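Order-wise, the sequence lines are chains A and B. If you read the first sequence in the numbering used here, its first letter stands for residue 1, the second for the next number, and so on. If you read the second sequence in the numbering used here, its first letter stands for residue 1, the second for the next number, and so on. Positions of the beta carbon are idealized from the N, C-alpha and C atoms, including for glycine. Just so you know, these numbers come straight off a predicted model, no measurement behind them. A short worksheet on the structure shown next.
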Amino acid sequence: MAGDGLADGSRIFISYSRKDSAHAERLVAALLLNGVSVWYDEFDISVGENIYEKVEKGIISVDFFGVILTGNSLGSQWVREEMSLAKQREMEERRIVILPLVFEDVRLPLHLRKKRCADFTNFDKGLQELMRTFGRRVSTTPLDTAVRERVRSALTAAAERDAAGVGRALRTQSAARVAREFAMFPEKADSVLRSHPEVTGSKRVYVDIQSANAVIPMAMDPEEPSGHLLARLLRALGLDEVVSGQRMAFFLLHDDIPLEAAETLAEAGVAEGDHLRLGLYTFLIE
Amino acid sequence: MLAEVAGEDVVVTYQESLRVHYWLWKWLRKSDARSLGDLRRTLYKYGLVEPSPDAAWIVNRGLSDYSRALGDFTGDVDRLVMKVVDGSRSPEDPISSLDSGSGNCTAIYEAARPWVRYIGSGLSLNFSLDGTIRNFLREELRSENLLGYKSGLLEMTLLRAEIFSVAALVVGSNAVDKFDPFNELVAAANAGGGTVEGAALKSILAATGSAIERVRSRIEGGSQLVAAMALGFLVDALAGRVVVPNGVQFAYDLPSLAPEIFGAIDHVIEGLDSTTKARNKLLAAHSELVRLSQLAELHRTEPSRSPESDDIKTLLQNLGDCIKEVGFELRSRGEREELTESLHAFGNNLWRWYFFIVDYSHWAARPSARRSAYDSREVVRSWLERPFGVIGLEDLKITLGCSPFAAGLPKLAAPIVPLLRRGVEEFVGQNFPGQGDFEGRLEEFIARRCRLRDLRDSITVVHYPHDDQAQLADLLVELVTIWFYQLPSGRKQQMLSDSLRYFERELIQGNWLLEMEAADGAPMLSRRQIRLLDRYRGNPTQVTGELFEFSGDVDLPGRIDVYPPEQFMTLAL
């Protein structure tokens, strides 16, 4: 695969068969998390809108056309029609528009065989290849760069004060042991993320970061442990890169009470649309 | 320092406890609560141990923390241990290492082992407040993974298994049913990779009690029981030695092997009547003794040389017994005590040399290794024939529950005196006459006591469920510690002035929590933590009673969280 790189604000159209919705959702979530803007029918077509018209406009408006290739999609009339439109754009603009995303070992149509495909039979590998096409490395940053930077600098500057509006310096071993039930060092986020499946879907909670005057929307699953949500947020903010080793630990609060890492959002009474707050502990021990 | 503030008498008692405690820890891996309590009480009473002055100080740093911070520092020690293993360095001159700094000395306590003594040197010896309060929790609430040596339940279970072994020796294995607590304990330890469930221990403890109860009526008279008990303690001492390299503590430069001893022997020969057997024996042995002395000197000057081949093994055994016999003969004739003592020490050292040579090949290739006592039970059996070739008088006193400084032998030694003089056959003849199957029973007994030694090493953790009670206990300990360190210093002194009893009262009354919350000193808590704390808030007296072991006669200073190292030195600045 090759491309000129994806400029900020560029979008990719996701073409797929309805039977492959699970593949599509996973891909869309990963792209969003990596800061790639997506045209996805679930997000971009509302009830009552003309589907043909919206899809056509969508394909014309985006920079790239990603097609999820499976036995289902190759047999889908919809996908064939969408691909035909994209092919037309490619010919007119004399640049690569169609990005074949192979999710199953299938026999490709003739016009796609000469293209380099992203191999999503191994999802992580496929994602890496796709992101390289965009000139980016895989990260899990779903945030607008400006917001992310604002939050990062606000939190980083908060070495000894309450950066998030909640929290304080921890000065004793005992206080640290009480806090370990809910506070997380950013560098721990990776291992926590491995312990639970990825969270996708349209349900959202919002995390308020007062010191940065920011509100971060996060996909939510009521059965997700709150520690996992926190880990996703810390990765998204890239805090493992900026405060690692600085003995700063973060936690989420709901109704001013810290959420324990092990309790699920449902157990903690967190519902769709709720606002959580991000708290910060600075360790001043030793 | 203790001498300055407490006087020599207290120092002697302290050293006595210290010697006993470290002997049990070093050789048997048994953290004896009573002697540890004595040590803690003495240090506390004379103000030599203080609460950690700052809540942030890490005072409870275990060995694993040291290893993480410093790397595998025990590797250097192992290299030095090789010199002990090959007999070129005297085990009586232990290697000292590791400066603990200020703290509760947990790390150096855990690291202490044969040949290696750790020294604590710091501005102060501190006890950790949270660790101390935790020591008053019921055992199953103290930690989800309680270190084996801190578990009273494990100690009690092992003690009951030990009693079972004695009962089984006296009545014979045919008289006990198939239940064997040692098999159960070994299976439990193996299944958990060193972690044993507290519930499993309780079950084994109860089953062992029932098994003992079933054989109780078959035990006739107390004298055999006492003899078996004493024998068991002696076997324990030997099993403690068999797991470590050069457990017999032999070195080529031991004073009793030095050439000077021969001058003394010459003197003895000259002074003896020419018709005595003792004189004839000494004369016959003299030239061989000189040869042995030269060999010892050779090894002392060239430590790289391997120990002797088989040709002197028989000589060492024969001469060892010969010299001791002469000693007994001279004693029976009322000769000077120093003379007979020297001859006995010399004879014992010849046996020590013999045991060292026999066992050396096992350790030469793996000097830093440990072996299981159970796998070495035949070595223990062979040592039992001449125990003083392995242990000393002080060891015998401690293993029989006596002060190492006491004069003479403890009364419990009486049934095993025949064994100490002439071996197992003599012991059996006097204590278990006419019992043809005794050798088989004895082997089983030794195997069980070796298992006992191995279990102390292999059961490293006793696991308890981290249920709501345990979580509440954890939370209370942390919160009361946070509260304490927020108090003004005068109040803190007052809290500690009454042997820590203020903590008990505060926990029972629950006012500390209200006080902390009113001062906005409480940390943030999760919903679960708030819910747990509400249980305590609702009835602090009842919850404290459920979680803690405070009672009228509880020995508070004896439970402070400090582990005095074998040698402790404070630098008063």
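| said: Can you check whether the C-beta of residue 165 (chain A) is within less than 8 Å of a C-beta belonging to chain B? | reply: As a first step, residue 165 (chain A) must be located in the first sequence, where it is residue number 165. Note on residue 165 (chain A): pLDDT 44, under 50, position unreliable in the model; the coordinate value appears next. Not one chain B Cβ lies under 8 Å of residue 165 (chain A).
| query | Do you know how far the Cα of residue 451 (chain B) is from the Cα of residue 180 (chain B)? | reply | Walking along the second sequence from the start, residue 180 (chain B) turns up at place 180. Walking along the second sequence from the start, residue 451 (chain B) turns up at place 451. Spanning the two alpha carbons is a distance of roughly 12 Å.
| field | Amino acids of chain B, ordered along the chain, whose beta-carbon sits closer than 9 Å to that of residue 257 (chain A) | value | Walking along the first sequence from the start, residue 257 (chain A) turns up at place 257. Going along chain B in sequence order, the residues near residue 257 (chain A) (Cβ under 9 Å) are 524, 525, 526, 527, 530.
| task | Check the Cβ of residue 485 (chain B) against every Cβ in chain A and list those closer than 7 Å, keeping chain order. | result | Residue mapping note: residue 485 (chain B) aligns to position 485 of the second sequence, counting from 1. Those are 172, listed as they occur along chain A.
| query | Cα-Cα, which of A:73, A:172, A:53 is closest to residue 53 (chain B)? | reply | Along the second sequence, read from residue 1 onward, the residue named residue 53 (chain B) stands at position 53. Selected option, being the one with the closest Cα: A:172.
| request: Taking only the alpha-carbon atoms, compute the straight-line gap between residue 23 (chain B) and residue 250 (chain A) and give it to the nearest angstrom. | output: In the second sequence, the residue the question calls residue 23 (chain B) occupies position 23. In the first sequence, the residue the question calls residue 250 (chain A) occupies position 250. Distance between the alpha carbons of residue 23 (chain B) and residue 250 (chain A) is about 48 Å.
| task | Please list, in chain order, all residues of the same chain as residue 28 (chain B) whose beta carbon is under 7 Å from its beta carbon, the five residues on each side excluded. | result | The sequence position of residue 28 (chain B) within the second sequence is 28, counting from 1. 236, 240, 453, 456.
| query | Alpha carbon to alpha carbon, how far is residue 197 (chain B) from residue 160 (chain B)? | reply | Position 197 of the second sequence, counted from the first residue, corresponds to residue 197 (chain B). Position 160 of the second sequence, counted from the first residue, corresponds to residue 160 (chain B). Computed Cα separation, rounded: 17 Å.
| message | Assuming residue 126 (chain B) is part of the beta strand (DSSP E), what are its boundary residues? | response | By one-based count along the second sequence, residue 126 (chain B) stands at place 126. Start and end: 125-127.
| request: Label residue 126 (chain A) either buried or exposed according to how many other C-beta atoms from any shown protein chain fall within 10 Å of its C-beta, with 16 as the threshold for buried. | output: As a working mapping, residue 126 (chain A) is identified with position 126 in the first sequence. So residue 126 (chain A) ends up on the buried side.
| query | Just checking my contact of residue 495 (chain B) with residue 507 (chain B) at CB under 8 Å: how many whole Å lie between their CB atoms? | reply | As a first step, residue 495 (chain B) must be located in the second sequence, where it is residue number 495. As a first step, residue 507 (chain B) must be located in the second sequence, where it is residue number 507. That belief does not hold up - the Cβ atoms of residue 495 (chain B) and residue 507 (chain B) are roughly 12 Å apart, past 8 Å.
| task | Answer with yes or no whether the minimum CB distance from residue 481 (chain B) to chain A is below 8 Å. | result | The sequence position of residue 481 (chain B) within the second sequence is 481, counting from 1. By this cut-off, residue 481 (chain B) is an interface position.
| residue 140 (chain A) (DSSP reduced to helix, strand or coil) | The sequence position of residue 140 (chain A) within the first sequence is 140, counting from 1. Legend: pLDDT at residue 140 (chain A) = 41, less than 50; position of this residue unreliable, value from coordinates given subsequently. The answer is coil: DSSP assigns residue 140 (chain A) none of H, G, I, E or B.
| task | Just the chain A side, please: which residues come within less than 7 Å of residue 478 (chain B) by C-beta, in chain order? | result | The residue given as residue 478 (chain B) occupies position 478 in the second sequence. Neighbours of residue 478 (chain B) on chain A, chain order: 174, 177, 178.
| message | Quick check on DSSP: helix, strand or coil for residue 170 (chain A)? | response | The residue labelled residue 170 (chain A) in the question sits at position 170 within the first sequence. In the structure shown, residue 170 (chain A) sits in a strand (DSSP, three-state: E or B).
| request: Reducing DSSP to helix, strand and coil, say where residue 218 (chain B) ends up. | output: Locating residue 218 (chain B) in the second sequence gives position 218, where the first residue counts as 1. Coil, per DSSP.
| field | Where residue 182 (chain A) meets chain B, residues with beta-carbon distance less than 7 Å | value | Counted from its first residue, the first sequence places residue 182 (chain A) at position 182. Neighbours of residue 182 (chain A) on chain B, chain order: 526.
| Contact list for residue 268 (chain A) against chain B, beta-carbon separation under 8 Å | Numbered from its first residue, the first sequence carries residue 268 (chain A) at position 268. Neighbourhood of residue 268 (chain A) in chain B, by CB distance below 8 Å: 527, in chain order.
| request: Using a Cβ cut-off of 8 Å (strictly closer), state whether residue 130 (chain B) contacts chain A. | output: Here residue 130 (chain B) corresponds to residue number 130 of the second sequence, with the count starting at 1. Cβ-Cβ to chain A under 8 Å: yes for residue 130 (chain B).
| Helix, strand or coil at residue 287 (chain A) [DSSP, three-state] | There is no way to answer for residue 287 (chain A), as the model of chain A reaches only from 1 to 286.
| said: Tell me whether the stretch 461-472 of chain B and the stretch 102-120 of chain B touch, counting them as touching only if at least three CB pairs, one residue from each stretch, are closer than 8 Å. | reply: Cβ pair count under 8 Å is below three, so no.
| task | Mark residue 163 (chain A) as exposed unless 16 or more other C-beta atoms lie within 10 angstroms of its C-beta, in which case mark it buried. | result | The residue given as residue 163 (chain A) occupies position 163 in the first sequence. With a pLDDT of 40 at residue 163 (chain A), under the threshold of 50, the modelled position of this residue cannot be trusted; read the value that follows with caution. Classification of residue 163 (chain A): buried, given that the 10 Å Cβ count is 16 or more.
| Going by beta carbon distance, what residues of the same chain come within less than 6 Å of residue 105 (chain B), once the five residues before and after it are set aside? | Here residue 105 (chain B) refers to the residue found at position 105 when the second sequence is read from its first residue. If we look at residue 105 (chain B) and ignore the five residues flanking it on each side, its Cβ neighbours are 120, 563, 565.
| request: Assuming residue 200 (chain B) and residue 177 (chain B) form a contact by the criterion Cβ under 8 Å, report the distance between their Cβ atoms to the nearest whole angstrom. | output: By one-based count along the second sequence, residue 200 (chain B) stands at place 200. By one-based count along the second sequence, residue 177 (chain B) stands at place 177. Taking the Cβ atoms as the reference, residue 200 (chain B) lies roughly 20 Å from residue 177 (chain B), outside the contact range of under 8 Å.
| Hey, how far is the Cα of residue 513 (chain B) from the Cα of residue 216 (chain B)? | Within the second sequence, numbered from 1, the residue matching residue 513 (chain B) stands at position 513. Within the second sequence, numbered from 1, the residue matching residue 216 (chain B) stands at position 216. Their backbone Cα atoms lie some 52 Å apart in a straight line.
| Counting only runs that start and end within the stretch 404-452 of chain B, where is the alpha helix (DSSP H) found for 4 or more residues in a row? | 417-422, 424-431
| field | residue 355 (chain B) and residue 390 (chain B) closer than 8 Å at C-beta | value | Here residue 355 (chain B) corresponds to residue number 355 of the second sequence, with the count starting at 1. Here residue 390 (chain B) corresponds to residue number 390 of the second sequence, with the count starting at 1. Contact: yes.
| query | I think residue 349 (chain B) touches residue 87 (chain B), with their Cβ atoms under 8 Å apart; what is that distance to the nearest whole Å? | reply | Residue numbering aside, residue 349 (chain B) sits at position 349 when the second sequence is read from its first letter. Residue numbering aside, residue 87 (chain B) sits at position 87 when the second sequence is read from its first letter. With 8 Å as the limit, residue 349 (chain B) and residue 87 (chain B) do not qualify as a contact, their Cβ atoms being about 12 Å apart.
| task | Name, going along the chain, the residues of the stretch 40-56 of chain B whose beta-carbon falls closer than 9 Å to a beta-carbon of chain A. | result | Correct list: 54, 55, 56.
| request: Let me know if residue 7 (chain B) comes out buried or exposed under the rule of 16 or more other beta-carbons within 10 Å of its beta-carbon. | output: Looking up residue 7 (chain B) in the second sequence gives position 7. The residue is exposed, with fewer than 16 neighbouring Cβ atoms inside 10 Å.
| said: One question on the structure: do residue 253 (chain B) and residue 300 (chain B) come within less than 8 Å of each other, judged by their Cβ atoms? | reply: Numbered from its first residue, the second sequence carries residue 253 (chain B) at position 253. Numbered from its first residue, the second sequence carries residue 300 (chain B) at position 300. Their beta carbons are under 8 Å apart, which means residue 253 (chain B) touches residue 300 (chain B) by this criterion.
| field | Neighbouring residues, chain A, relative to residue 475 (chain B) (Cβ below 8 Å) | value | Position 475 of the second sequence holds residue 475 (chain B). The contacting residues are 178.
| Pairing CB atoms from the stretch 130-141 of chain B with CB atoms from the stretch 410-420 of chain B, are three or more of them under 8 Å? | no
| task | May I ask which residues mark the beginning and end of the alpha helix (DSSP H) holding residue 541 (chain B)? | result | Position 541 of the second sequence holds residue 541 (chain B). Unbroken alpha helix (DSSP H) run through residue 541 (chain B): 540-547.
| task | Just tell me which of B:312, B:561, B:220, B:26 has its CA closest to the CA of residue 243 (chain B). | result | Position 243 of the second sequence, counted from the start, is the residue given in the question as residue 243 (chain B). It is B:26.
| said: Classify residue 279 (chain A): buried if its beta carbon has 16 or more other beta carbons within 10 angstroms, exposed otherwise. | reply: In the first sequence, residue 279 (chain A) corresponds to position 279, counting from 1. If you draw a 10 Å sphere on the C-beta of residue 279 (chain A), you find 16 or more other C-beta atoms in it, and that means buried.
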